[in-house]
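So the sequence shown is residues 567 to 724, counted in this note's numbering.
For every residue, glycine included, the Cβ atom is placed at its ideal position computed from N, Cα and C.
Every value quoted in this text rests on a predicted model; they were computed, and no experiment measured them.
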Amino acid sequence: MGFVVLDTDVLSSASPGESERAQKGWRLLQCLIDECHFLLVSPGLWQEYRHISAHSTGRRKLARYAFAKVEMASEPLDKKARERLEQLGVDEKDVGWVLLAAEREAVFVTWEKYAPRRRKSAEREQEHQRIVRAVEDEFHVRIWHPDYALRRLCPQSK
């Protein structure tokens, strides 16, 4: 399995006993920990996750298990690439993650713009797909929804 970069929302919402979305994130995270040699996260994201996991026994266990596999990565500082991603329409908070995924030829997994049960106009959906295709083509990164990542990376997980 290649590198997978998780958006902050996917990591921080992962929980074994809450909403369906949280459970999917939890199963994906467990699968990645089991299957990957290393989890690639930024120091800031890891600290945020450790802070969140302090409030849940299940998350604390998972954090302890994952800690041995975490590889810290600093955010790429390529100013031209950042500007280009912003021109393409990538959310400012996701630019660093997309660059990190592109640098490592990784998959970027995010809930962003895939909110469940939220109706979008056809025009907004087309604009979103245009942005995703442009970023994937230009930066050689794949952008996946967690549901798709769970099916592709963890087929045994239901």
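Worksheet item: What distance in whole Å lies between the Cβ atoms of E658 and E652, which are believed to be in contact at a cut-off of 8 Å?
Response: 7 Å
Item to complete: Figure out for me which residue from V673, C602, V698 and R587 has the closest Cα to the Cα of D575.
Response: R587
Practice prompt. Determine the extent of the beta strand (DSSP E) in which V656 is found, giving its start and end residues.
Written response: No beta strand (DSSP E) contains V656, which DSSP labels as neither H nor E.
Worksheet item: Do V707 and A672 have their C-beta atoms within less than 9 Å of each other?
Response: yes
Worksheet item: Can you tell which of A667, D660 and T676 has the C-alpha that lies nearest to the C-alpha of S579?
Response: The option with the nearest alpha carbon to S579 is T676.
Worksheet item: Exposed or buried, D644, counting other C-beta atoms within 10 Å across all chains shown (16 or more means buried)?
Response: With fewer than 16 other Cβ atoms within 10 Å, it is exposed.
Discussion item. Looking at the strands, I want to know which residues DSSP matches up with I709.
Written reply: F674
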